Structure formats: structure tokens, C-alpha cells
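Chains as they are written, first to last, in the working numbering: chain A, 6 to 169; chain B, 7 to 210.
For every residue, glycine included, the Cβ atom is placed at its ideal position computed from N, Cα and C.
From a predicted model like this one, the values you see are computed outputs, not experimental measurements.
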Amino acid sequence: MIENENNFESVRRLLALKRHEVPPPGYFNHFSRNVIQRIRAGQPAQSESFFDALNAQTPWLGKVLNLFNAKPVFASSFAGALCVLLFLAVVNGERADLIAQTPLPVSAPTSASLAALSPTALASSANQPGIVSSTNPVLSLQPFASPFAQQPALAQPVSLTSYR
Amino acid sequence: MSAPVTRTDGSETPAPVEEEALVRKARHGDLEAYDELVRRYQERIYGTIYHMTANHEDANDLAQESFIKAFQALKSFKGGSSFYTWLYRIAVNKTINFLKQRKNRIQMSLNDLDFNAEHDPDLVALISEKTPHRDVNLSELQEKLNEALLKLSEPHRLVVVLHDVQGMAHDEIAKVMDCNIGTVRSRLFYARQQLQALLSDYVK
């Protein structure tokens, strides 16, 4: 054993350097006071890191963040997915706004459209109970016209008794 | 009252009788008594954690948390070992758990060397013409030493810190680490061997 001690004499000497590493001056003057204050307050670490506090309060979120920290590829994939979602949301929102703001094209009714709006066509669609709105997305997005407004009727009024 | 016990590093372990009284008072919620206990052990607990983490901020947090945890757990302290050993165990376990959690995020934040370092006979002898790197300065040596220590496993680093830096006896270390003296000795031997290999440029 003594031989071993002699073998490592230079390592032991070098380790003596560690004893000279000292915290900032006055550090221990406030140490016990900080500890006692924290005990009195009964709250978690004053200088506890954000991640530690998060871990304590929401362990699952802490685990996710730890995973991101350990494997940055997950973090970048997650961030990428969020960016794509955000982009899609912005594009969809703009499209919806554009559609809502576009006025209905007022054009002369063609013979085909008039045929589609003919009393027989309207009657056949009215015969299907429950279908009250058009499947045309443009029409469906239009604000409802007031039932009292005077609009040129393109078709003859239909009796609504069939709905009852 | 019994006399204080002088340790190998020159510091004194306070008399056990007085300590028992302080622990008893602290257990009943006497914060002044606990404040006294904190003052007694703050430097050694902080020192051990600091030498394990090589980071002042982490050591500060962990040392404070160790004392807080010890206060909260005082009721479970049966007195089978000394308060000092029990407190050390709390601090050491907390530190090892912390190091395991943050294995990939270890960042050194080293304390400054005190004025006496330049006059330490061990270091003066070390940085002599016999040292291969004569031009090495103490700060560089400090950094290399801490880097080498961080490369050791936690149990090996702990044994070196407690024995070679803190001056704790083998049997005390065995109590703190909850293992036998043989294990402490073999870990110490292996850790020093590792350090010698890692620091071969700086030691003869």
C-alpha cells in the first residue's frame, strides 16, 4: 500500500491544487442565510433552473424537453412540423378571406344555368328532404340574403310544404 | 463537551455532543440551531459538490438544496451515524443524481485559485524543472486537472475528492458511500491510476 502511495505522489500533489479553488469572496457569509430563508419560505429552489421547476410541475413536459435536449433531431423535426402547420394555417386563412371578399360574378344567365334553375330542377332538389343548402362552396360562403330584399327572381317560388 | 477532532486536511469536526443538541433542536424546528449546523458544514459540503461538478453555480444550487432536504428529512434521521455523515450522504446522492441527469451537459465554471496556491510546496515541487511542461501555469493546470477528474466515473471521482482533496479517512468515506473500506481503497487506486494516465504530461 505504501508503495502505491509513493507511485501516485505526483498525482496527489497535483490534486492539492483543488484545495486552492475557492468560491467568490464573501460567498459563505450569505450561504446559511439563503438556506434558512428558503426553508422559511418553504418554496422550491430560489435559483432552481426553469427546467427543474418544469420537471417538478409537469413531468411529461419535462420529459419531452429532455428528449429534445438529448436528441436535437426530434427538436428540429418538431419545429419543422410546427412551421408547416403554421404555413398551412396562414395560407388557408388567406384563401378563406379572399373567397369571402370576392363578390358573386354577375353575368348574364346562360341557357345552361337557366336550365339548371328551371322549376323542374328546383323541384327535384326540393324533393330531397333535409338538403337545404347548396353544395357549391362559393354560394355556401356567401352571406345570407335578406328574405325581405327585393331581388329578381330567377325561378318561380316553390311551396315549402314539402319540408313539413 | 468533548474536544473537536482534527482532520487530515487541518479542519476540525465539531464536538459530537454539541452537535447532537443542535440536531435535536433543529428537529423540533429550531432554525437558529439549524443555521449553526449549516455554518459548520457549508464549506465542506459545497467543496465536495464543487469538486464533483467543477461548476460553481451547480455546486451552489446543489449545496443549498442538500441542506434544505436534510432539514426536511431530519425527522427520519435516527442518529445511527453522525449528522455529518448523514448530511454528506444526502449531498453526495443529490450530486450523483444530478450528474447522471446532465451527463451530456457538463460545463465547467471553475472558481479562482487563492493567493496561496503559488506558494503551496506541493505545487512548487510539481512545477519545477523536472516537470515536462515547465511553462505551464497554474490556471492551465487547474483546467487540465478538472477535465481529467470529469473523465472519471462518479464513484471514482467521489473517492478521490473525498480522500485526496477533502482529506477524509477511508472508513468515513466507506460510511458516506455505503460500501466497505476495501471497495474505497480499490476505487482510490484505480482513480489515481486513471488520473496519472490522463495527466501524464503534467506529472512525472
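With 8 Å set as the bound, which would you pick, yes or no: does the beta-carbon of residue i sit closer than that to a beta-carbon of chain A?
| i | result |
| --- | --- |
| B/H57 | yes |
| B/V29 | no |
| B/I37 | Note on residue identity: the sequence assigns Leu, not Ile, to residue 37 of chain B. It does: the Cβ of B/L37 has a partner Cβ on chain A nearer than 8 Å. |
| B/N122 | yes |
| B/Y94 | no |
| B/A131 | yes |
| B/Q113 | no |
| B/R50 | no |
| B/I102 | no |
| B/N143 | no |
| B/D118 | yes |
| B/R45 | yes |
| B/Y90 | no |
| B/R198 | yes |
| B/V98 | no |
| B/I74 | yes |
| B/L151 | yes |
| B/F83 | no |
| B/V165 | no |
| B/D126 | yes |
| B/L147 | yes |
| B/V190 | no |
| B/H62 | yes |
| B/D184 | no |
| B/Q202 | yes |
| B/L168 | no |
Which residue comes first and which comes last in the alpha helix (DSSP H) that contains residue i?
| i | result |
| --- | --- |
| B/I51 | 37-59 |
| B/D64 | 62-78 |
| A/V89 | 77-106 |
| B/E124 | That residue, B/E124, is in no alpha helix (DSSP H); it is neither H nor E in DSSP. |
| A/Y32 | 32-46 |
| B/N186 | No alpha helix (DSSP H) contains B/N186, which DSSP labels as neither H nor E. |
| B/A154 | 144-157 |
| A/L19 | 14-20 |
| B/A97 | 89-107 |
| B/L164 | 160-166 |
Checking the sheet assignment: what are the DSSP bridge partners for residue i?
| i | result |
| --- | --- |
| A/V27 | B/D118 |
Please report the distance separating the alpha-carbon of residue i from that of residue j.
| i | j | result |
| --- | --- | --- |
| B/Q48 | B/A32 | 16 Å |
| B/V171 | B/Y208 | 18 Å |
| B/K100 | B/S82 | 17 Å |
| B/M58 | B/K150 | 15 Å |
| A/F13 | A/I44 | 43 Å |
| A/R3 | B/R198 | Absent from the structure is residue 3 of chain A, since the part of chain A shown begins at 6 and ends at 169. |
| A/R24 | B/S145 | 13 Å |
| B/E42 | B/D184 | 27 Å |
| B/I217 | A/F92 | Here chain B has residues from 7 to 210 only, and residue 217 of chain B is not among them. |
| A/Q106 | A/L87 | 29 Å |
| B/F89 | B/R46 | 11 Å |
| A/P29 | B/H62 | 9 Å |
| A/L66 | B/H162 | 34 Å |
| B/V98 | B/V44 | 16 Å |
| B/E38 | B/E26 | 14 Å |
| B/V167 | B/T54 | 7 Å |
| A/G85 | A/F73 | 13 Å |
| B/R108 | A/S81 | 21 Å |
| A/V69 | A/V95 | 27 Å |
| B/L28 | A/Y32 | 24 Å |
So that I know if they touch, is there some Cβ in chain B lying closer than 8 Å to that of residue i?
| i | result |
| --- | --- |
| A/R100 | no |
| A/K68 | no |
| A/V40 | yes |
| A/I104 | no |
| A/F79 | no |
| A/A21 | yes |
| A/F83 | no |
| A/F36 | yes |
| A/F13 | yes |
| A/F73 | no |
| A/F92 | no |
| A/V89 | no |
| A/V95 | no |
Under 7 Å: does the beta carbon of residue i sit that close to some heavy atom of the ligand GDP?
| i | result |
| --- | --- |
| B/L155 | With respect to the ligand GDP, the structure shown offers nothing to examine, as it has no ligands at all. |
field: Segment contact, 8 Å Cβ cut-off, at least three pairs: the stretch 78-94 of chain B with the stretch 125-132 of chain B
entry: no
The stretch 168-183 of chain B contacting the stretch 109-118 of chain B, beta-carbon criterion three pairs below 8 Å: no
- request: Evaluate the contact criterion for the stretch 92-99 of chain B versus the stretch 55-72 of chain B: three or more CB pairs, one atom per stretch, below 8 Å.
  value: yes
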